[in-house]
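Input: a single structure, listed below in structure tokens.
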Amino acid sequence: MTEETRETGRWEVGLATALLAGGAGVVTGNPAVFLAATVGLVYAVYGYVTGPPPGTVTVERSLDDDSPLPGAEVTVTLTVTNVGDDPLPDLRVTDRIPEELEVVDDGSAFTATLSPGESATHTYSVRGRRGDHAFDGAVVVTRNLSGGVERRQFVRARTELSCRSAPEGLPLAERTIPHTGRIETDDGGEGVEFYATRSYQRGDPMGRIDWNRYARTGELTTIQYREEQAAVVVVVVDARMEASVARDPVEPDAVELGAYAAEEVVDTLLERHNRVGLAMYGGHGGYLSPAAGDPQRLRVRQLLQDGPGALGDGQGDRMAFGGRRFSALDRRIPPEAQVVLVSPLLDDDPVGLVNRFRAHGHPVTVVSPDVTAGETPGDTLARIDRAHRVHELRESETRVLEWSPDEPLHTAVARAERRWSG
């Protein structure tokens with residue numbers, strides 16, 4: 003807690019009036035005018051002799067949802083309690099909001115009068131933005147009874163809000179590299195899921211011998227497990243102007259939603275020890291070669307939030323694609339990579355992009371945020387056109403994950419998995 007005490011200057015007008023009237027009374031020799039100065043003098047003295055407010059307060063904050071979707075409203079409840087022994091006749095509180103969050107209604111400031119042990123509560127709403135945010139405290143101003151002196155305190159009260167909803171798993175094609183990962187294959191070897199048994203070979207680990215079978219038949223066999231190998235994945239975000247469409251002016255557009263979805267997909271794949279890259283298709287461009295580990299996670303976040311210029315280690319390619327977008331992108335994607343395209347599918351260009359990726363041997367999964375929820379004739383037409391593109395992609399055996407911004411991304415993944423497995 004930090005604090006400062008200062009005079010508000012509220013009573014200076016009383017002192018000025020007293021001095022002016024007193025001087026006029028002396029000059030004119032008029033006792034009535036001189037006596038009038040005492041009114042202003044008493045007024046000023048009252049303000050100056052009243053001491054600073056001695057109160058001590060605590061601040062508590064709660065959120066109705068600490069992990070909302072981007073664009074969702076979050077209700078913030080701020081509670082201030084007078085834990086001192088003196089009343090606080092004039093209390094003013096302003097919650098300090100993270101810069102990235104937008105206040106929706108009511109505002110974060112309020113006033114109250116608190117007796118010892120009494121609390122005051124204020125609620126307001128903010129709109130979530132992609133990423134992690136921290137409220138660090140509130141500014142509390144208390145004034146004495148006369149209002150002539152105020153004490154300003156910064157009271158720490160940390161609350162974290164994370165606009166993330168990582169998918170529990172995004173099913174990918176069985177295209178792997180010989181490193182341990184979390185893509186299941188149809189090969190037997192080291193792993194955790196039973197795959198098959200084979201005849202014992204000299205040097206097989208004792209822990210993998212099927213001793214139950216040996217007890218029954220006297221035959222030595224070795225248990226094999228389904229291997230999990232790493233995949234190479236490039237997540238491509240549709241950042242073109244054609245994708246910069248929002249359902250409502252106050253909501254994130256499809257490019258921002260796509261960046262959010264891409265970051266969550268990348269986080270999930272990296273946690274499963276895969277090698278993941280990122281490409282911004284349109285906009286300011288940018289390409290990040292596939293890699294693994296936490297440093298890659300940080301580079302992906304920097305590229306999504308700040309563009310290729312934020313990557314000062316030479317890891318980010320500043321390509322902007324230009325008129326030959328696909329050729330510029332395809333030259334950088336490793337031949338063994340599969341692609342996750344994040345696009346709202348608002349025009350035919352992403353469909354053509356998927357077909358060209360597949361023609362070049364890259365399996366493709368599409369994650370599509372749906373921003374066609376309006377009710378105007380134009381919205382209805384856009385919704386019909388998008389549905390046609392989704393159908394066209396599915397007919398070509400491309401997996402499409404449709405995601406409404408009103409639901410967590412992992413819910414859309416689970417629904418898509420049921421569709422794909424059915």
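The sequence shown begins at 3 in the numbering used here and counts up one residue at a time.
Positions of the beta carbon are idealized from the N, C-alpha and C atoms, including for glycine.
All figures in this text were calculated on a predicted structure; none of them were measured in a lab.
Hey, how far is the Cα of residue i from the Cα of residue j?
i           : j           : result
residue 155 : residue 345 : 47 Å
residue 269 : residue 386 : 32 Å
residue 119 : residue 86  : 7 Å
residue 256 : residue 143 : 42 Å
residue 298 : residue 275 : 11 Å
residue 237 : residue 330 : 15 Å
residue 404 : residue 265 : 17 Å
residue 286 : residue 61  : 43 Å
residue 177 : residue 71  : Its pLDDT being 49, under 50, residue 177 is placed unreliably in this model, and the value from its coordinates should be taken loosely. Cα to Cα, the separation comes out at about 31 Å.
residue 333 : residue 398 : 24 Å
residue 207 : residue 219 : 20 Å
residue 81  : residue 125 : 9 Å
residue 369 : residue 261 : 11 Å
residue 112 : residue 253 : 27 Å
residue 243 : residue 273 : 32 Å
residue 224 : residue 395 : 43 Å
residue 138 : residue 122 : 19 Å
residue 337 : residue 363 : 7 Å
residue 107 : residue 302 : 33 Å
residue 76  : residue 215 : 59 Å
residue 355 : residue 413 : 26 Å
residue 190 : residue 201 : Bear in mind that the predicted position of residue 190 carries a pLDDT of just 42, short of 50, making it too unreliable to give a figure here.
residue 406 : residue 140 : 35 Å
residue 281 : residue 288 : 6 Å
residue 359 : residue 366 : 7 Å
residue 131 : residue 96  : 21 Å
Judging by CA-CA distance, which residue of the options is the nearest neighbour of residue i?
i           : options            : result
residue 351 : 254, 201, 338, 239 : 239
residue 134 : 79, 417, 68, 255   : 68
residue 84  : 77, 233, 94, 292   : 94
residue 162 : 99, 364, 212       : 99
residue 357 : 370, 372, 348, 341 : 341
residue 89  : 125, 116, 391      : 116
residue 376 : 290, 305, 249      : 249
residue 411 : 371, 221, 235, 224 : 371
residue 279 : 379, 235, 373      : 235
residue 159 : 64, 417, 271       : 64
residue 339 : 292, 96, 304, 104  : 292
residue 392 : 409, 408, 418      : 418
residue 152 : 379, 91, 204       : 91
residue 59  : 105, 114, 107      : 114
residue 381 : 283, 348, 288, 128 : 348
residue 245 : 259, 271, 233, 290 : 259
residue 73  : 211, 335, 164, 79  : 164
Does DSSP put residue i in a helix, a strand or coil?
i           : result
residue 90  : strand
residue 417 : helix
residue 261 : helix
residue 311 : helix
residue 292 : strand
residue 399 : coil
residue 385 : helix
residue 250 : coil
residue 286 : coil
residue 345 : coil
residue 332 : helix
residue 256 : helix
residue 124 : strand
residue 274 : coil
residue 266 : helix
residue 409 : coil
residue 145 : strand
residue 404 : strand
residue 98  : coil
In terms of residues, what are the limits of the beta strand (DSSP E) holding residue i?
i           : result
residue 65  : 59 to 65
residue 79  : 75 to 84
residue 157 : 151 to 165
residue 241 : From DSSP, residue 241 is part of no beta strand (DSSP E); its letter is neither H nor E.
residue 116 : 111 to 116
Considering just the uninterrupted stretch of the alpha helix (DSSP H) at residue i, what are its terminal residues?
i           : result
residue 203 : Looking at the DSSP string, residue 203 is not in any alpha helix (DSSP H), and its letter there is neither H nor E.
residue 375 : Note, residue 375: premise wrong, no alpha helix (DSSP H); not H, not E.
residue 351 : 351 to 361
residue 218 : 213 to 219
Any idea which residues DSSP pairs residue i with across the strands?
i           : result
residue 104 : 129
residue 138 : Beta-bridge pairing links residue 138 to no other residue.
residue 281 : 238, 289
residue 233 : Per DSSP, none; premise fails for residue 233.
residue 340 : 235
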